[in-house]
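**Student:** Got a structure here, written out as structure tokens. Questions coming.
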Amino acid sequence: MQTIDPRQTPRAAAFELWRKAPMPMVTLFKTLDVTNLRRCSRKHALQFHMLMCWCIGKAACQTDEFYLLPVGDAMMQYDKLAVNTVVETADGTIHTCDIPYSDDLTQFQADYRRLTRQVRESCENHDLEEGYMVIGTSALVQYDIDGAVNLYAGIYNNPFLIWGRYRKRLHKTILPISFQFHHTQMDGVPAARFLDRLQREIATLRI
Numbered sequence: 419m420q421t422i423d424p425r426q427t428p429r430a431a432a433f434e435l436w437r438k439a440p441m442p443m444v445t446l447f448k449t450l451d452v453t454n455l456r457r458c459s460r461k462h463a464l465q466f467h468m469l470m471c472w473c474i475g476k477a478a479c480q481t482d483e484f485y486l487l488p489v490g491d492a493m494m495q496y497d498k499l500a501v502n503t504v505v506e507t508a509d510g511t512i513h514t515c516d517i518p519y520s521d522d523l524t525q526f527q528a529d530y531r532r533l534t535r536q537v538r539e540s541c542e543n544h545d546l547e548e549g550y551m552v553i554g555t556s557a558l559v560q561y562d563i564d565g566a567v568n569l570y571a572g573i574y575n576n577p578f579l580i581w582g583r584y585r586k587r588l589h590k591t592i593l594p595i596s597f598q599f600h601h602t603q604m605d606g607v608p609a610a611r612f613l614d615r616l617q618r619e620i621a622t623l624r625i
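Residues 419 to 625 in the working numbering are what the sequence shown spells out, letter by letter.
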């Protein structure tokens, strides 16, 4: 991770336009076909949520905008990505867990299991060092929701995906999601392309 001059990046104009906006976040909604993801989850006894997080990381690593993030009056450039998830802990509260993204699904699965178990048992957040650009996620799997617009406190600019319970149809399974991102980090077109990549990674997943 390094601090770079925003004027020397492709996001220079967006940085000047949106860095001081009262609400600089944009939210897109999309309904994903997760039939293949659910099939792989059941066939190989793998957690659906873990596979979803891995596909998010895989789609994000093909999207250049995920490696830049506005932080205060600076722009940070990253070379590593992580996916954050919310874990219900042993004391009945919730904590967050950063999982480093790896192209190797076996490695990602091992890290996911180890780190979420650590958070569940310790009742403490697991935060990676500052070298990772972290993609936030929250899954409200007990509920049928179409998406969510997250709050903006001015201290957390990271992209964030939210989804609820998947919905079974006659021949497929669908999952509505919302994707929130800082307008300085990316515009609508690359954000929409990321969601298309996510759908493609889900549909083509082979284990």
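Beta carbons: idealized from backbone N, C-alpha and C, even for Gly.
What separation, rounded to the nearest whole angstrom, lies between the Cα atoms of Gly475 and Thr421?
**Tutor:** Cα to Cα, the separation comes out at about 23 angstroms.
**Student:** With 16 as the cutoff for other CB atoms within 10 Å, does Glu506 come out buried or exposed?
**Tutor:** Exposed, since its Cβ has fewer than 16 Cβ neighbours within 10 Å.
**Student:** Determine the direct distance from the alpha carbon of Leu579 to that of Leu546, and round the result to whole angstroms.
**Tutor:** Roughly 19 angstroms between the two C-alpha positions.
**Student:** Which residue wins for smallest C-alpha separation from Asp522, given the options Trp472, Glu548 and Met604?
**Tutor:** Residue Trp472 is the option with its Cα nearest to Asp522.
**Student:** Which of helix, strand or coil does DSSP assign to Thr427?
**Tutor:** If DSSP states are grouped into helix, strand and coil, Thr427 belongs with coil.
**Student:** Are the CB atoms of Met470 and Leu455 nearer to each other than 8 angstroms?
**Tutor:** It is a contact, given that the beta carbons lie within the stated cut-off.
**Student:** Going residue by residue through the region 470-516, where are the continuous beta strand (DSSP E) segments of at least 3 residues, counting only ones entirely within it?
**Tutor:** The qualifying runs are 486-489, 492-495 and 498-506.
**Student:** Buried or exposed: where does Ala571 fall if 16 or more other Cβ atoms within 10 Å of its Cβ makes it buried?
**Tutor:** Counting Cβ neighbours within 10 Å, Ala571 comes out exposed, since fewer than 16 surround it.
**Student:** Go ahead and label Leu499 buried or exposed: buried means 16 or more other beta carbons lie within 10 angstroms of its beta carbon, across all protein chains shown.
**Tutor:** Flag for Leu499 reads buried.
**Student:** Out of Met493, Arg425, Ile592 and Thr602, point me to the one whose CA is closest to Phe466's CA.
**Tutor:** Looking at the Cα atoms, Ile592 is the closest of the given residues.
**Student:** Over the uninterrupted alpha helix (DSSP H) stretch that includes Gln527, give me the two end residues.
**Tutor:** It spans Leu523 to Ser540 - the alpha helix (DSSP H) in which Gln527 sits, taken as one unbroken run.
**Student:** Provide the residue span of the alpha helix (DSSP H) that contains Thr622, from first to last.
**Tutor:** That run of the alpha helix (DSSP H) goes Gly606 to Thr622.
**Student:** Between the alpha carbons of Thr445 and Ala557, how many angstroms are there, rounded?
**Tutor:** Near 16 angstroms, if we compare the C-alpha coordinates of Ala557 and Thr445.
**Student:** Out of Val567, Phe484 and Gly490, which has the shortest C-alpha to C-alpha gap to Trp436?
**Tutor:** Trp436 has its Cα closest to that of Gly490, out of Val567, Phe484 and Gly490.
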